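Heads up: the structure comes next, in structure tokens.
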Amino acid sequence: EAAVTQSPRNKVAVTGGKVTLSCNQTNNHNNMYWYRQDTGHGLRLIHYSYGAGSTEKGDIPDGYKASRPSQENFSLILELATPSQTSVYFCASGDIYEQYFGPGTRLTVL
Amino acid sequence: GDSVTQTEGPVTVSESESLIINCTYSATSIAYPNLFWYVRYPGEGLQLLLKVITAGQKGSSRGFEATYNKETTSFHLQKASVQESDSAVYYCALGGSSNTNKVVFGTGTRLQVLP
Chain C
4 EAAVTQSPRN
14 KVAVTGGKVT
24 LSCNQTNNHN
34 NMYWYRQDTG
44 HGLRLIHYSY
54 GAGSTEKGDI
64 PDGYKASRPS
74 QENFSLILEL
84 ATPSQTSVYF
94 CASGDIYEQY
104 FGPGTRLTVL
Chain U
38 GDSVTQTEGP
48 VTVSESESLI
58 INCTYSATSI
68 AYPNLFWYVR
78 YPGEGLQLLL
88 KVITAGQKGS
98 SRGFEATYNK
108 ETTSFHLQKA
118 SVQESDSAVY
128 YCALGGSSNT
138 NKVVFGTGTR
148 LQVLP
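Residue numbers (the numbering used here), protein chains in the order written: chain C, 4 to 113; chain U, 38 to 152.
So this is what it looks like as structure tokens:
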């Protein structure tokens, strides 16, 4: 049974539109993370959270917001989507010893 | 900041051949970071392949192994005889700064194993 799930798995959005990517974990981990993965860049950290109500900026936070309403859920929000945000997004829970990843969301912004 | 550099892919090898994917790291936020290899199979998320948190130690899993070398700041991934099912993308990573709980990933190396 998958411990980290993401929805949607695929999303096509229009430039200027709002996009929300959702992540749910059943690991009961305090820490959750949002990454994007692009060819030539590997995984880059967008936002992370230490627990419900907390969000922290990662290495590339511009253009993204995050929300952690509960231990289980962590959302990534693109208020005004741009084509440069076309990517594969991964959510993870865990810590510096191990992270557990979701299957990814492929986002295309036209 | 912390960074990881690994072999640029794609890497193509034939089944039963040996494999090495190079990884070197630079850690400025912590003297002895935790080192990891993650793997992503097609259509799936990343999963931990192996990790080593003590310098000088070797980690192994599924026939893969990697040794934490603090002198050369390297953590190369090796396998003596690959299988077609090993085709995937492999990511070297480091973590360990308790101030941020962050893990830094390399760019990933795509491995294709030919039957």
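A virtual CB, placed ideally from N, CA and C, is assigned to each residue, including glycine.
Just so we're clear, the structure is a prediction, and the values are computed from it rather than from any experiment.
Own chain, CB closer than 8 Å to residue i, minus 5 neighbours either side, in chain order
{"i": "K107/U", "result": "Y69, A92, G93"}
{"i": "A55/C", "result": "R71, P72, S73, Q74"}
{"i": "G46/U", "result": "V126, G145, T146, R147, L148"}
{"i": "K95/U", "result": "V89, E102, A103, T104, Y105"}
{"i": "I63/C", "result": "R39, R47, L48, I49"}
Proximal residues of chain U, C-beta to C-beta of residue i below 8 Å
{"i": "I99/C", "result": "N71, G132, G133, S134, S135, N138, K139, V140"}
{"i": "H44/C", "result": "T144"}
{"i": "N31/C", "result": "The premise fails here: N31/C is roughly 16 Å from chain U at the closest Cβ pair, so nothing lies under 8 Å."}
{"i": "N34/C", "result": "N138"}
Integer-rounded CB distance, given that residue j should sit under 8 Å from residue i
{"i": "R39/C", "j": "S90/C", "result": "4 Å"}
{"i": "Y51/C", "j": "G61/C", "result": "6 Å"}
{"i": "F142/U", "j": "G107/C", "result": "Wrong, their Cβ atoms sit about 14 Å apart, outside the cutoff."}
{"i": "N34/C", "j": "Y103/C", "result": "At roughly 11 Å, the Cβ-Cβ gap does not stay under 8 Å, so N34/C and Y103/C are not in contact."}
{"i": "S66/U", "j": "S40/U", "result": "The Cβ separation is near 11 Å, so there is no contact."}
Enclosing beta strand (DSSP E) for residue i [first to last residue]
{"i": "Y78/U", "result": "Careful: Y78/U lies outside any beta strand (DSSP E) and carries neither H nor E."}
{"i": "N106/U", "result": "Note, N106/U: premise wrong, no beta strand (DSSP E); not H, not E."}
{"i": "A16/C", "result": "13-16"}
{"i": "G97/C", "result": "90-97"}
{"i": "G96/U", "result": "95-98"}
{"i": "S40/U", "result": "40-43"}
{"i": "I67/U", "result": "No beta strand (DSSP E) contains I67/U, which DSSP labels as neither H nor E."}
{"i": "I57/U", "result": "56-58"}
{"i": "G45/C", "result": "45-52"}
{"i": "L113/C", "result": "Premise fails: L113/C is in no beta strand (DSSP E) and is neither H nor E."}
{"i": "I80/C", "result": "76-81"}
{"i": "K68/C", "result": "68-70"}
{"i": "S25/C", "result": "22-28"}
{"i": "D62/C", "result": "Per DSSP, D62/C belongs to no beta strand (DSSP E) and is neither H nor E."}
{"i": "K139/U", "result": "Premise fails: K139/U is in no beta strand (DSSP E) and is neither H nor E."}
{"i": "A130/U", "result": "125-132"}
Closer than 8 Å at the beta carbon, the chain C residues around residue i
{"i": "K88/U", "result": "Y100, E101"}
{"i": "Y78/U", "result": "Chain C residues near Y78/U: none, gap ~11 Å exceeds 8 Å."}
{"i": "Y128/U", "result": "G45, L46"}
Cβ shell of residue i (< 6 Å), same chain only, five flanking positions each side left out
{"i": "T111/C", "result": "V15, T89"}
{"i": "G100/U", "result": "K116"}
{"i": "S78/C", "result": "T23, S25, S70"}
{"i": "E59/C", "result": "Y51"}
{"i": "H32/C", "result": "S96, G97"}
{"i": "V140/U", "result": "A130, G132"}
Partners in chain U for residue i, counting only beta-carbon separations shorter than 7 Å
{"i": "L48/C", "result": "K139"}
{"i": "G107/C", "result": "G82"}
Cut-off 7 Å between Cβ atoms - residues of its own chain near residue i, not counting five sequence neighbours on either side
{"i": "V22/C", "result": "K14, A16, L81, A84, L110"}
{"i": "N71/U", "result": "K88, I90, L131, G132, G133"}
{"i": "L85/U", "result": "F73, Y75"}
Partner residues on chain C for residue i, Cβ-Cβ distance less than 9 Å
{"i": "Q84/U", "result": "Y103, F104"}
{"i": "Y62/U", "result": "Within 9 Å Cβ-Cβ: nothing; Y62/U doesn't reach chain C, min ~13 Å."}
Under 9 Å from the C-beta of residue i: neighbouring residues of chain U
{"i": "F77/C", "result": "Going along chain U, no residue has its Cβ under 9 Å from F77/C, so there is no contact; the nearest lies around 14 Å."}
On the three-pair Cβ rule with 8 Å, is the stretch 66-84 of chain U touching the stretch 121-134 of chain U?
-> yes
Hey, is the stretch 57-68 of chain C in contact with the stretch 49-66 of chain U, meaning 3+ C-beta pairs nearer than 8 Å?
-> no
Contact between the stretch 108-125 of chain U and the stretch 94-105 of chain C (3+ Cβ pairs under 8 Å) = no
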